[in-house]
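In mature numbering (1 follows the signal peptide of the UniProt record, and there is no 0), the protein residues as written are -24 to -1, 1 to 182. C-beta: ideal position from N, C-alpha, C; glycine also.
This is the structure we're talking about:
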């Protein structure tokens, strides 16, 4: 009986520990982004480095995310690094050949606290649904760092420090706009020719 109770207790403990382990990873609040759309991407940082406070959080943006703009945080300094894109992007009629490729927040996040770090970025319209964007993240502490850069391999055990990922979805269908109907109406045509008169019939003489 004691053995059965111990086994049951261990099973319950394992079940409870599983979601906690998953939550301990750096991850995105919303792990999906739509192709051709701009998304607000929020990184969740659940802990520091082996009990140490986090001093910097750095996010490296992969190809497929462009025109990125980070959100500032109170009491944190913000820095960005720019670089060339492998393929130019059309951003509202402007061709972008380079942009923000790395975002770094510097401050202090105690190990016992949780925080979020946000930025906006456009998602490449050429990306097929199901494409996974791997986004390396590095937490730096006073005496070390946690590099969330490992890539999961199907069929293999989950890495200890998996890189956060974004899965691309199809762009939502939008109602089309009839620009012809929205365009100003052309002025009505006027016939400037003099009205025709029947000059064949002469006025009757008295």
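Under the three-state reduction of DSSP, which class applies to residue 47: helix, strand or coil? Counted from its first residue, the chain shown places residue 47 at position 71. Looking at residue 47 - three-state DSSP - the assignment turns out to be coil, as it is neither helix nor strand.
Cβ atoms of residue 9 and residue 92: under 9 angstroms apart, would you say? Residue mapping note: residue 92 aligns to position 116 of the chain shown, counting from 1. Residue mapping note: residue 9 aligns to position 33 of the chain shown, counting from 1. Result no, Cβ atoms of residue 92 and residue 9 do not sit closer than 9 angstroms.
Over what stretch of residues does the beta strand (DSSP E) that includes residue 144 continue unbroken? Here the question's residue 144 lines up with position 168 in the chain shown. Residues 141 to 145.
Going by CA-CA distance only, name the one from 110, 117, 114 and 147 that's closest to residue 129. Residue numbering aside, residue 129 sits at position 153 when the chain shown is read from its first letter. The shortest C-alpha separation from residue 129 is found at 110.
Coil, strand or helix - residue 111 by DSSP: Working through the chain shown from its first residue, we reach residue 111 at position 135. Residue state, collapsed to three classes: coil.
Which listed residue (47, 6, 118 and 72) has its alpha carbon closest to that of residue 30: In the chain shown, counting from the first residue as 1, residue 30 sits at position 54. The shortest C-alpha separation from residue 30 is found at 118.
Can you grab the Cα-Cα spacing for the pair residue 112 / residue 126, in whole Å? Residue mapping note: residue 112 aligns to position 136 of the chain shown, counting from 1. Residue mapping note: residue 126 aligns to position 150 of the chain shown, counting from 1. The straight-line gap from Cα to Cα measures roughly 8 angstroms.
Leaving out the 5 sequence neighbours to the left and right, which residues in its chain are closer than 7 angstroms to residue 59 when beta-carbon positions are compared? The residue you call residue 59 lines up with position 83 of the chain shown. Around residue 59: 74 and 77.
Please go through the same chain and pick out, in chain order, the residues whose beta-carbon is closer than 7 angstroms to the beta-carbon of residue 140, but skip the five residues on each side of it. Counted from its first residue, the chain shown places residue 140 at position 164. Closer than 7 angstroms at the Cβ level, and outside the excluded window around residue 140, lie 2, 3, 4, 19, 111, 113 and 124.
Since residue 97 contacts residue 43 with CB under 8 angstroms, what's their CB separation in whole angstroms? The residue you call residue 97 lines up with position 121 of the chain shown. The residue you call residue 43 lines up with position 67 of the chain shown. Yes, residue 97 and residue 43 are in contact; Cβ-Cβ is about 6 angstroms, under 8 angstroms.
Buried or exposed (CB count within 10 angstroms, at least 16 for buried), residue 144: If you number the chain shown from 1, residue 144 lands on position 168. So residue 144 ends up on the buried side.
Straight-line CA distance for residue 52 to residue 148? By 1-based counting over the chain shown, the position of residue 52 is 76. By 1-based counting over the chain shown, the position of residue 148 is 172. Roughly 35 angstroms between the two C-alpha positions.
Would you decide whether residue 100 is buried or exposed? Buried here means 16 or more other CB atoms lie within 10 Å of its CB. Here residue 100 corresponds to residue number 124 of the chain shown, with the count starting at 1. Looking at its Cβ environment, which holds 16 or more other Cβ atoms inside 10 Å, residue 100 is buried.
So for residue 132, helix, strand or coil by DSSP? On the chain shown, residue 132 is found 156 positions in, with the first residue counted as 1. Of the three classes helix, strand and coil, the one that applies to residue 132 here is coil, per DSSP.
Would you mind sorting residue 115 into buried or exposed? The rule is 16 or more other CB atoms within 10 Å of its CB. What you label residue 115 is simply residue 139 of the chain shown in a count that begins at 1. So residue 115 counts as buried.
Report the option in 132, 72 and 120 whose CA atom is closest to the CA atom of residue 33. Your numbering for residue 33 matches position 57 in the chain shown. The shortest Cα separation from residue 33 among 132, 72 and 120 belongs to 120.
Does any C-beta atom of chain B lie closer than 9 angstroms to the C-beta of residue 48? Among the chains in the structure shown there is no chain B, since it carries only a single protein chain.
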